[in-house]
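Asks: Protein chains in written order, with the numbering used here: chain R, 1 to 178; chain X, 1 to 422. Just passing along the structure, written as structure tokens.
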């Protein structure tokens, strides 16, 4: 049993082994953006093809991740400016994530973005992986998201016309509860 | 069984982009089940099932889809399977990440998995993640909705702490209706129910609510919000005591200086409603017992009728039956001269041929619109009234404007599965 002491289980303890990895740096941020479809690949100068298939395989994903981290860790230690982790793809993906999440669109992995990435979320990717089918996804998703901009106001409420048939007292609609 | 699940899961493709934004199901009644090997360790099984039942019902209330919990069929025949798991779970190829971040995911073929490392809670109970809200979101995916980046949308990817009593807003409703269409169906009757109340200052205030009835169910329609009351439909037996459980054909409110009486009609009988005690009269203050034959209470009017309404302009009840209209004088307690008359004669069409003709479903005077509507099937015709004739004097009295769709005027009047109806 997970230990708890409160009646409503709100203080339930979770062991550290069961905690999701926090997004703390650009490495983990890239994994996040890749996992949820904002990035098509993890590396931009790797000769190895990223895993982009419709059957998500977490073991292969992990292996790629590790090799990616190892590669860029050594580069970042040597510190040449042109080998920074913030590739154009990453920046583009970050901008997109910030835009759709309603965050300040800075292109920088800042604290606000970090907090947003660590929030509880659905595991379904925001964007799918197949570049061909992605076009249709984008159109449909954009349509649904554009609709929300067009219908910016709530539905116009009906007005109660007080000119009732023979002009008796004002009619008021009661607001009921579920 | 587990081997079979793993094999099937590994064959399932992750939902591809082309599937989001398209209806995932081609049938309107879908089965679901919380699978036995996937119970949460945090809530009782009954609580979990109750929450999922509510989540499915919420989608039913805004779409033509109905959902029924199926505890009997083989698992392969269940349309939507739900389960909880942690890490590697339920033969799923996508592991959960532990407490924090991912709380659930949904698969195109209808499986929904919840991360049991998250602290799921029942609605409106303390801290944690509302299982109801997450379930509604994931069911949205199963039905074909993608993530929607709009504040207030249930399909936002990130979890927002639950506001008290969250519901599907207008745009989420339109999103699902974009995939599956709106809700239709014939109504038994439609009416505004009037009641008088005293304000805190002792003034008499007249209030009304709009009701749509279909067979043994009814909805309260909130005109200001362009939707039905959350949680409807409700059984007629629950809200209108004494009425037949199969519903009614018509409602008439006779309202004048001398009279304030409400009647319901079904078949050859009618009832008078006692609004103070919220039930039908078995015997009214005049000594009349109910139900009573229509032919006794309204001599000359045959039963059953299609619908009826009381016109305060001429103090007559208009009874509709087939293509004929019977005008009954309340004061004289008899049929008006020249009754019955053809509907097309009393309510002529402004556009030739654009007329219900016969067999109306409802004649509804709306206090919101201050207009009379004749409703038949999926269409309604607005009767030309004072306002229209003021703008254009040549319009014939009681003529009918061209028909429109009921769905364009009154939105989201959707059925739920009978098993979800209390």
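Ideal Cβ placement from N, Cα and C applies to all residues, glycine included.
Is the distance from the Cβ of residue 347 of chain X to the Cβ of residue 399 of chain X below 8 Å?
Replies: Yes, these two residues count as a Cβ contact at 8 Å.
Asks: Excluding sequence positions up to five away, which residues of its chain have a Cβ less than 7 Å from the Cβ of residue 180 of chain X?
Replies: Around residue 180 of chain X: 23, 63, 64, 65.
Asks: Which residues in chain X sit within 7 Å of residue 123 of chain R, going by Cβ to Cβ distance?
Replies: Per Cβ cutoff of 7 Å: 94, 102, 104, 105.
Asks: Run down chain R in chain order and give the residues with a C-beta less than 7 Å from the C-beta of residue 129 of chain X.
Replies: Those within 7 Å of residue 129 of chain X in chain R are 120.
Asks: Please report how far the alpha carbon of residue 255 of chain X lies from the alpha carbon of residue 261 of chain X, in whole angstroms.
Replies: In a straight line, the C-alpha of residue 255 of chain X is about 7 Å away from that of residue 261 of chain X.
Asks: Return the residues of the stretch 88–103 of chain R that lie within a Cβ-Cβ distance of less than 9 Å from chain X, sorted by chain order.
Replies: Those would be 99, 100, 101, 102, in chain order.
Asks: If we cut at 8 Å on Cβ distances, does residue 61 of chain X have a partner in chain R?
Replies: Answer no: the Cβ-Cβ gap between residue 61 of chain X and chain R never drops below 8 Å.
Asks: Anyone know if the C-beta pair for residue 110 of chain X and residue 96 of chain X falls short of 8 Å?
Replies: In this structure, residue 96 of chain X does not lie closer than 8 Å to residue 110 of chain X by Cβ.
Asks: So the beta strand (DSSP E) residue 300 of chain X belongs to, where does it begin and stop?
Replies: Unbroken run through residue 300 of chain X: none, as it is neither H nor E.
Asks: Assuming residue 109 of chain R and residue 39 of chain R are in contact, meaning their beta carbons sit under 8 Å apart, how far apart are those beta carbons, in whole angstroms?
Replies: Not really, about 13 Å apart at Cβ, beyond 8 Å.
Asks: Can you grab the Cα-Cα spacing for the pair residue 414 of chain X / residue 60 of chain X, in whole Å?
Replies: Between residue 414 of chain X and residue 60 of chain X, the C-alpha separation is close to 7 Å.
Asks: Residues of the stretch 149–160 of chain X in Cβ contact with chain R at a cutoff of 8 Å, in chain order, please.
Replies: Going along the stretch 149–160 of chain X in chain order, one finds 149, 150, 151, 153, 157, 158, 159 with a Cβ nearer than 8 Å to chain R.
Asks: Near residue 284 of chain X, which residues of its chain fall below 6 Å by C-beta distance, leaving aside the five closest residues on each side in sequence?
Replies: Contacts found: 272.
Asks: In its own chain, which residues sit with a C-beta less than 7 Å from the C-beta of residue 173 of chain X, not counting the 5 before and 5 after it?
Replies: The residues are 62, 412.
Asks: Looking at chain X, is there any beta carbon in it that lies within less than 8 Å of the beta carbon of residue 111 of chain R?
Replies: False, the Cβ-Cβ gap to chain X never drops below 8 Å.
Asks: Please list the terminal residues of the continuous beta strand (DSSP E) segment that includes residue 24 of chain X.
Replies: Note, residue 24 of chain X: premise wrong, no beta strand (DSSP E); not H, not E.
Asks: With 16 other CB atoms within 10 Å as the buried threshold, where does residue 115 of chain R fall?
Replies: When all chains shown are included, residue 115 of chain R counts as exposed.
Asks: How about residue 119 of chain X and residue 113 of chain X: do their beta carbons lie closer than 8 Å?
Replies: No. Outside cutoff.
Asks: In the DSSP assignment, find the unbroken beta strand (DSSP E) run with residue 5 of chain R in it and report its ends.
Replies: Residue 5 of chain R -> no beta strand (DSSP E), and no H or E assigned at all.
Asks: In terms of residue numbering, what span does the beta strand (DSSP E) encompassing residue 325 of chain X cover?
Replies: First-last of the beta strand (DSSP E) with residue 325 of chain X: 324–329.
Asks: In terms of residues, what are the limits of the alpha helix (DSSP H) holding residue 171 of chain X?
Replies: Element bounds for residue 171 of chain X: 170–180.
Asks: Express the C-alpha separation of residue 94 of chain R and residue 33 of chain R in angstroms, rounding to a whole number.
Replies: Their backbone Cα atoms lie some 7 Å apart in a straight line.
Asks: For residue 27 of chain R and chain X, any beta-carbon pair shorter than 8 Å?
Replies: Closer than 8 Å: no.
Asks: For the alpha helix (DSSP H) containing residue 392 of chain X, list its first residue and its last residue.
Replies: Residue 392 of chain X -> no alpha helix (DSSP H), and no H or E assigned at all.
Asks: Answer yes or no: do residue 220 of chain X and residue 232 of chain X have a C-beta to C-beta separation smaller than 8 Å?
Replies: A contact, by the Cβ cut-off of 8 Å.
Asks: Show which residues of chain X have a CB atom less than 9 Å away from the CB atom of residue 19 of chain R.
Replies: Those are 97, 98, 99, 100, 117, listed as they occur along chain X.
Asks: How many Å lie between residue 170 of chain X and residue 55 of chain X at the Cα?
Replies: Approximately 17 Å between the Cα atoms of the pair.
Asks: Run through the stretch 183–242 of chain X for me and flag every whole alpha helix (DSSP H) of 4 or more residues, listed as ranges in chain order.
Replies: For the stretch 183–242 of chain X, whole alpha helix (DSSP H) runs of length 4 or above, ordered along the chain, are 236–239.
Asks: At a Cβ threshold of 8 Å, is residue 404 of chain X touching chain R?
Replies: Output row for residue 404 of chain X: interface = no.
Asks: Report the partner residues of residue 130 of chain X according to the DSSP bridge assignment.
Replies: DSSP lists X:121 as partners of residue 130 of chain X.
Asks: Mind checking which residues open and close the beta strand (DSSP E) that includes residue 253 of chain X?
Replies: Its beta strand (DSSP E) spans residues 250–255.
Asks: What are the residues of the stretch 132–149 of chain X that lie near chain R, defined by any Cβ-Cβ distance shorter than 9 Å?
Replies: Flagged, chain order: 134, 137, 138, 141, 145, 146, 147, 148, 149.
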